[in-house]
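Chemist:
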Ligand SMILES: C[S@@+](CC[C@H](N)C(=O)[O-])C[C@H]1O[C@@H](n2cnc3c(N)ncnc32)[C@H](O)[C@@H]1O
């Protein structure tokens, strides 16, 4: 029986359905995409990090195990349940909520890994996220996030033929694939299908992401009170992604105040 994805508000089914959250890490594989965040956080000498859209908490747990003070925020309760069960999870503060609920914790860094930045499809939700992220940062804090470069047109690879795979998971073997459902740039919509081979259950999850080029990212960050300090290539996905490091424009070192 196929359970179609039900459109609505809130996080996509792939993050919010407990059966899919449970197998998310197995399907995602080795997370070497997070290494660059650990590097940047070390370079920034950040001690307190807020991870917006932390999902199943891989980065949050890694940072907490290194002794950092970490807050993980995500609107998908099922993903947070998975996060809470991990080694190191007890020293992370887990918060259920959207980016716009980001707490004002004086963080040294706010991170958004795994292309969380692309879930904010409207100008309003993107700008509300940036405002909340700025409010969550201390005066000298940095926002660090990635987003896919639209020029690479990565969605052209999101086909059943190129994505179909059978993965061993905690719930047995799962066959999964992705298919595009619409491309109306800057929005790209797609459907993941998960076939639990042991039980025959099929679950679909629909998503829409927004692709922003660097000019749009820079102008929106400027409007929100950020200055871009660095744009890096993702070492594990060269020329596909921008890794953006931005600081508060009103940071003390900019205004000449003593730290
Ligand atoms: C592709 S996952 C990435 C998860 C995690 N950052 C990682 O790298 O594994 C996108 C995450 O964004 C979360 N998300 C969706 N809408 C959000 C919102 N409005 N505010 C914050 N997070 C959101 C989802 O629940 C999901 O956990």
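Numbering (our numbering), first residue to last: 979 to 1237.
For every residue, glycine included, the Cβ atom is placed at its ideal position computed from N, Cα and C.
Who are the near neighbours of residue 1175 in its chain, counting only those whose CB is closer than 8 Å to its CB and skipping five residues on each side?
Modeler: For this step, residue 1175 is matched to residue 197 along the chain shown. 1144, 1150, 1151, 1152, 1153.
Chemist: Pull the bridge partners of residue 1089 from the DSSP assignment, please.
Modeler: Residue 1089 sits at position 111 when you count from the first residue of the chain shown. Beta-bridge pairing links residue 1089 to 1029, 1122.
Chemist: Classify residue 1217: buried if its beta carbon has 16 or more other beta carbons within 10 angstroms, exposed otherwise.
Modeler: Here residue 1217 refers to the residue found at position 239 of the chain shown. It counts as exposed.
Chemist: Heavy atom of ligand 1 less than 6 Å from the Cβ of residue 1060, yes or no?
Modeler: Position 82 of the chain shown holds residue 1060. No; taking the cut-off as 6 Å, the Cβ of residue 1060 has no heavy atom of ligand 1 nearer than that.
Chemist: How many angstroms separate the CA atom of residue 1221 from the CA atom of residue 1184?
Modeler: Looking up residue 1221 in the chain shown gives position 243. Looking up residue 1184 in the chain shown gives position 206. Each residue's alpha carbon lies about 25 Å from the other.
Chemist: Could you check what DSSP says for residue 1034 in three-state terms: helix, strand or coil?
Modeler: On the chain shown, residue 1034 is found 56 positions in, with the first residue counted as 1. In the three-state reduction of the DSSP assignment, residue 1034 falls in the coil class, being assigned neither a helical nor a strand state.
Chemist: Compute the distance between the beta-carbons of residue 1032 and residue 1024, then report whether it is under 7 Å.
Modeler: As a working note, residue 1032 is residue 54 in the chain shown. As a working note, residue 1024 is residue 46 in the chain shown. No; because the gap between Cβ atoms is not below 7 Å, this pair is not in contact.
Chemist: If I measure Cβ to Cβ from residue 1155 and keep anything under 8 Å in the same chain, skipping five residues before and after, which residues do I get?
Modeler: Taking the first residue of the chain shown as position 1, residue 1155 is located at position 177. 1138, 1141, 1142, 1143, 1170, 1171, listed in sequence order.
Chemist: When the distance is taken between beta carbons, is residue 1055 closer than 7 Å to residue 1061?
Modeler: Within the chain shown, the letter at position 83 stands for residue 1061. Within the chain shown, the letter at position 77 stands for residue 1055. Contact annotation: residue 1061 and residue 1055 have beta-carbon atoms that are not nearer than 7 Å.
Chemist: Could you have a look at residue 1044 and say whether DSSP puts it in helix, strand or coil?
Modeler: Within the chain shown, the letter at position 66 stands for residue 1044. Reduced to three states, the DSSP call for residue 1044 is coil.
Chemist: From this set, 1035, 1205, 1010, which residue's C-alpha is nearest residue 993's C-alpha?
Modeler: Position 15 of the chain shown, counted from the first residue, corresponds to residue 993. It is 1035.
Chemist: May I ask you to check if the CB of residue 1054 is nearer than 6 Å to at least one heavy atom of ligand 1?
Modeler: The count along the chain shown starts at 1 and reaches residue 1054 at position 76. Yes; taking the cut-off as 6 Å, the Cβ of residue 1054 has a heavy atom of ligand 1 nearer than that.
Chemist: Since I believe residue 1126 is in contact with residue 1093 (beta carbons under 8 Å), could you give me their beta-carbon distance rounded to a whole number of angstroms?
Modeler: One-based indexing of the chain shown puts residue 1093 at position 115. One-based indexing of the chain shown puts residue 1126 at position 148. Confirmed, Cβ separation roughly 6 Å.
Chemist: At a cut-off of 6 Å, is residue 1076 close to ligand 1 when judged by its beta-carbon and the heavy atoms of the ligand?
Modeler: One-based indexing of the chain shown puts residue 1076 at position 98. Because some heavy atom of ligand 1 lies under 6 Å away, the Cβ of residue 1076 counts as near it: yes.
Chemist: Please classify residue 1122 as buried or exposed, where buried requires at least 16 neighbouring CB atoms within 10 angstroms.
Modeler: Position 144 of the chain shown, counted from the first residue, corresponds to residue 1122. Counting of Cβ neighbours within 10 angstroms places residue 1122 among the buried residues, the total reaching 16 or more.
Chemist: Helix, strand or coil: how does DSSP classify residue 1150 here?
Modeler: Your numbering for residue 1150 matches position 172 in the chain shown. Residue 1150 carries a strand assignment under DSSP once its states are collapsed to helix, strand and coil.
Chemist: Only counting the same chain, and skipping five residues up and downstream in sequence, which positions put a Cβ closer than 6 Å to that of residue 1069?
Modeler: Residue 1069 sits at position 91 when you count from the first residue of the chain shown. Closer than 6 Å at Cβ, skipping near neighbours: 1042.
Chemist: Closest to residue 1072 by CA distance: which of 1079, 1091, 997, 1048 is it?
Modeler: In the chain shown, the residue the question calls residue 1072 occupies position 94. The residue with the shortest Cα to Cα distance from residue 1072 is 1048.
Chemist: Report back the beta-carbon spacing between residue 1097 and residue 1114 to the nearest angstrom; my notes put them in contact at under 8 Å.
Modeler: Translated into positions along the chain shown, residue 1097 becomes position 119. Translated into positions along the chain shown, residue 1114 becomes position 136. No, residue 1097 and residue 1114 are not in contact; Cβ-Cβ is about 17 Å, not under 8 Å.
Chemist: Is the distance from the Cβ of residue 1010 to the Cβ of residue 1214 below 7 Å?
Modeler: Translated into positions along the chain shown, residue 1010 becomes position 32. Translated into positions along the chain shown, residue 1214 becomes position 236. Result yes, Cβ atoms of residue 1010 and residue 1214 sit closer than 7 Å.
Chemist: Nearest by alpha-carbon distance to residue 1306: which of 1190, 996, 1030 is it?
Modeler: The question about residue 1306 has no answer here: the residues shown for the chain are numbered 979 through 1237.
Chemist: Report buried or exposed for residue 935, applying the criterion of at least 16 other Cβ atoms within 10 angstroms of its Cβ.
Modeler: This structure does not reach residue 935, given that the chain is present from 979 up to 1237, and the question cannot be answered.
Chemist: Short check: CB of residue 1021 to CB of residue 1148, under 7 Å?
Modeler: The residue given as residue 1021 occupies position 43 in the chain shown. The residue given as residue 1148 occupies position 170 in the chain shown. Contact flag unset, no.
Chemist: With the cut-off set at 7 Å, would you say residue 1099 and residue 1159 are in Cβ contact?
Modeler: Taking the first residue of the chain shown as position 1, residue 1099 is located at position 121. Taking the first residue of the chain shown as position 1, residue 1159 is located at position 181. It is not a contact, given that the beta carbons lie outside the stated cut-off.
Chemist: Nearest-angstrom Cα distance between residue 1046 and residue 1077?
Modeler: Within the chain shown, numbered from 1, the residue matching residue 1046 stands at position 68. Within the chain shown, numbered from 1, the residue matching residue 1077 stands at position 99. When rounded, the distance between both Cα atoms is 21 Å.
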